[in-house]
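Okay, so here's the structure we're looking at.
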Amino acid sequence: FGEKQNTCPYKTISVGPDVTSACVHEEAPYFAVGTVNNHVKVFNVITGEVWQHVKMYENFLRIKSTAASFVTFPSYDFGLAVVAGNSVVMYSLN
34 FGEKQNTCPY KTISVGPDVT SACVHEEAPY FAVGTVNNHV KVFNVITGEV WQHVKMYENF
94 LRIKSTAASF VTFPSYDFGL AVVAGNSVVM YSLN
């Protein structure tokens, strides 16, 4: 009670324009962002550098992927799940 909260950001990392979704890993120092132009980038929180960069292309049915509307790190593996349009795409980040 009466404790002053810190209103300053811990760190500011530029992730680029048109971000549609973001997720922070629960245990590892990484976060992911999805963008309008079908890119998903995984950043290292400590360094602020891009650790992985995924470009979502057309699938085997030649349907062009849409913007990443949701990204998440599944709890059972170090992977990344991305929802784009009517598809859920899983990536392994090992």
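Taking the working numbering, the leading residue of the sequence shown gets 34, the next gets one more, and so forth. Each residue gets a CB set at the ideal place from its N, CA and C atoms; glycine is no exception. Treat the numbers as computed from the prediction; the structure is a model and nothing was measured.
Spatially closest choice to residue i from the options, by CA coordinates
i, options, result
"residue 106", "59, 38, 49", "59"
"residue 47", "70, 69, 77", "77"
"residue 99", "114, 83, 120", "120"
"residue 62", "81, 45, 73", "81"
Distance CB(residue i)-CB(residue j) smaller than 7 angstroms
i, j, result
"residue 49", "residue 101", "no"
"residue 4", "residue 75", "Because the chain here runs from 34 to 127, residue 4 falls outside it and cannot be looked at."
Backbone CA spacing between residue i and residue j [nearest angstrom]
i, j, result
"residue 53", "residue 118", "13 angstroms"
"residue 89", "residue 71", "5 angstroms"
"residue 42", "residue 51", "21 angstroms"
"residue 87", "residue 64", "13 angstroms"
"residue 122", "residue 116", "6 angstroms"
"residue 44", "residue 104", "21 angstroms"
"residue 125", "residue 108", "13 angstroms"
"residue 73", "residue 56", "11 angstroms"
"residue 127", "residue 110", "9 angstroms"
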